[in-house]
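Peer 1: The structure that follows is given in the form of structure tokens.
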Amino acid sequence: MRKIVIAGNWKMYKTQAEALEFLQAFLPQLNQTPEEREIVLCAPFTALTVLSKNLHGSRARVGAQNIHWEDFGAYTGAISGPMLAELGVRHVIVGHSERRRYAWETDDPIMNLRVKAAQRHGLTPILCVGETKAQRDAGKIESHILGQLKTDLAEVDQENLIIAYEPIWAIGTGETCPADEANRVIGLIRSLLTNANVSIQYGGSVNPTNIDEIMAQPEIDGVLVGGASLKAESFAQIVNYQS
Ligand code: PGA
20 MRKIVIAGNW KMYKTQAEAL EFLQAFLPQL NQTPEEREIV LCAPFTALTV
70 LSKNLHGSRA RVGAQNIHWE DFGAYTGAIS GPMLAELGVR HVIVGHSERR
120 RYAWETDDPI MNLRVKAAQR HGLTPILCVG ETKAQRDAGK IESHILGQLK
170 TDLAEVDQEN LIIAYEPIWA IGTGETCPAD EANRVIGLIR SLLTNANVSI
220 QYGGSVNPTN IDEIMAQPEI DGVLVGGASL KAESFAQIVN YQS
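As structure tokens, this is what we get:
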């Protein structure tokens, strides 16, 4: 069974105090969220403890935004799987396009190693893939995504895995990918996987206005939400979309 997973990606936003303020406004609104929807908040490392403590016993789970591929070592500034697992983190974003762009994280081989590191410690990786505008215009969506999946999922167990299709041109731009096009690409991604039950999300300018149409698409199992996950009110509207 494919699960519906709605994840917020806070990026480099929210101090601990701001995270707490968000939770106080957001958590009560989960009372009306249908049971089968899994809710994840991917916070900066510094806010993970606050989330762990306050999400205990709630519907929402704690997620991180990156993971190192080694369990420990001389890697200044990095955070490993055991460190995240100890904090009660259950999900972790891997290969977000902002990491690829600003931190020069490439597919080969470190995304694959990060995915495996997450799984090794019982975390569910949310692997992000997606094309640039130039790749789309050049008709290279399929070949680009195929290449990413081939490299990032080499010898990966697809039992504990989420994929997020995030067309890079749609992230933070307000230019959402048309729902039927996102559905088409996600269908293509699914056809490349060995496990038909992997949940595949769409990400890129999701907001309370377009969520119903996105979630009405048969191939789309959830969303990864940046900007609209920062305000309790808008993220609550997204998790409580009309089905
Ligand atoms: P956005 O970000 O919703 O602000 O476009 C999505 C993401 O980066 O995951």
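Going from the sequence shown to the working numbering is simple: count from 1 and add 19. Where is the CB? At the ideal position from N, CA and C, for every residue including glycine. Note that the structure is predicted; figures quoted are calculated from it, not measured.
Below 7 Å, is the gap between the Cβ of Ala83 and the nearest heavy atom of ligand 1?
Peer 2: Within the sequence shown, numbered from 1, the residue matching residue 83 stands at position 64. It does not: the Cβ of Ala83 is nowhere closer than 7 Å to a heavy atom of ligand 1.
Peer 1: Anyone know if the C-beta pair for Ile182 and Val148 falls short of 8 Å?
Peer 2: For the purposes of this step, residue 182 is taken as residue 163 along the sequence shown, with counting starting at 1. For the purposes of this step, residue 148 is taken as residue 129 along the sequence shown, with counting starting at 1. Yes, these two residues count as a Cβ contact at 8 Å.
Peer 1: Between which two residues does the beta strand (DSSP E) carrying Gly241 extend?
Peer 2: Residue 241 sits at position 222 when you count from the first residue of the sequence shown. Note, Gly241: beta strand (DSSP E), Gly241 to Val244.
Peer 1: Looking at Ala109: is its Cβ nearer than 8 Å to the Cβ of Leu142?
Peer 2: If you number the sequence shown from 1, residue 109 lands on position 90. If you number the sequence shown from 1, residue 142 lands on position 123. Reading the sequence as shown, one finds Arg at residue 109 and not Ala. Taking 8 Å as the Cβ cut-off, Arg109 and Leu142 qualify as a contacting pair.
Peer 1: Tell me whether Ser218 sits in a helix, a strand or coil according to DSSP, three-state version.
Peer 2: For this step, residue 218 is matched to residue 199 along the sequence shown. Residue state, collapsed to three classes: strand.
Peer 1: Which residue's Cα is closest to the Cα of Arg133: Ala83, Leu74 and Ile257?
Peer 2: Within the sequence shown, numbered from 1, the residue matching residue 133 stands at position 114. Taking only the C-alpha atoms, the option nearest Arg133 is Ala83.
Peer 1: Below 8 Å, how does it come out for the stretch 233-244 and the stretch 29-37: are there three or more Cβ pairs, yes or no?
Peer 2: As far as the Cβ criterion goes, the stretch 233-244 does not touch the stretch 29-37, which means the pair count is below three.
Peer 1: Beta carbon of Ile190, beta carbon of Gly222: below 8 Å?
Peer 2: Along the sequence shown, one-based indexing puts residue 190 at 171. Along the sequence shown, one-based indexing puts residue 222 at 203. Yes, these two residues count as a Cβ contact at 8 Å.
Peer 1: Taking just the CA atoms, how far does Gly92 sit from Gln236?
Peer 2: For this step, residue 236 is matched to residue 217 along the sequence shown. For this step, residue 92 is matched to residue 73 along the sequence shown. Going by the C-alpha atoms only, they are around 44 Å apart.
Peer 1: Mind checking whether Val24 and Asp176 have CB atoms under 8 Å apart?
Peer 2: For the purposes of this step, residue 24 is identified with residue 5 of the sequence shown, where counting begins at 1. For the purposes of this step, residue 176 is identified with residue 157 of the sequence shown, where counting begins at 1. Not a contact, by the Cβ cut-off of 8 Å.
Peer 1: Using the Cα positions of Pro101 and Thr228, report the straight-line distance between them to the nearest angstrom.
Peer 2: Numbered from its first residue, the sequence shown carries residue 101 at position 82. Numbered from its first residue, the sequence shown carries residue 228 at position 209. When rounded, the distance between both Cα atoms is 38 Å.
Peer 1: Ser224: buried (16+ other C-beta within 10 angstroms of its C-beta) or exposed?
Peer 2: Taking the first residue of the sequence shown as 1, we reach residue 224 at position 205. Burial call: buried.
Peer 1: Should Asn28 be counted as a contact of ligand 1 given a C-beta to heavy atom distance under 7 Å?
Peer 2: The residue labelled residue 28 in the question sits at position 9 within the sequence shown. Because some heavy atom of ligand 1 lies under 7 Å away, the Cβ of Asn28 counts as near it: yes.
Peer 1: Report the option in Ala137, Glu105 and Thr151 whose CA atom is closest to the CA atom of Ile145.
Peer 2: Numbered from its first residue, the sequence shown carries residue 145 at position 126. Here the closest residue by C-alpha is Ala137.
Peer 1: To the nearest angstrom, report how far apart Pro47 and Pro197 are at their CA atoms.
Peer 2: Taking the sequence shown and counting its residues from 1, the one referred to as residue 47 is at position 28. Taking the sequence shown and counting its residues from 1, the one referred to as residue 197 is at position 178. Their backbone Cα atoms lie some 32 Å apart in a straight line.
Peer 1: Does DSSP put Ala62 in a helix, in a strand, or in coil?
Peer 2: Numbered from its first residue, the sequence shown carries residue 62 at position 43. Of the three classes helix, strand and coil, the one that applies to Ala62 here is coil, per DSSP.
Peer 1: Of the residues Ala26, Val204, Tyr32 and Leu67, which one's Cα is nearest the Cα of Asn226?
Peer 2: Looking up residue 226 in the sequence shown gives position 207. That would be Ala26, whose Cα lies nearest to the Cα of Asn226.
Peer 1: Report the three-state DSSP secondary structure of Gly82 (helix, strand or coil).
Peer 2: On the sequence shown, position 63 is the one that residue 82 refers to. In the structure shown, Gly82 sits in a strand (DSSP, three-state: E or B).
Peer 1: Among Gly158, Gln154, Leu60 and Arg78, whose alpha-carbon lies nearest the alpha-carbon of Val111?
Peer 2: Indexing the sequence shown from 1 puts residue 111 at position 92. Among Gly158, Gln154, Leu60 and Arg78, the Cα nearest to that of Val111 is on Leu60.
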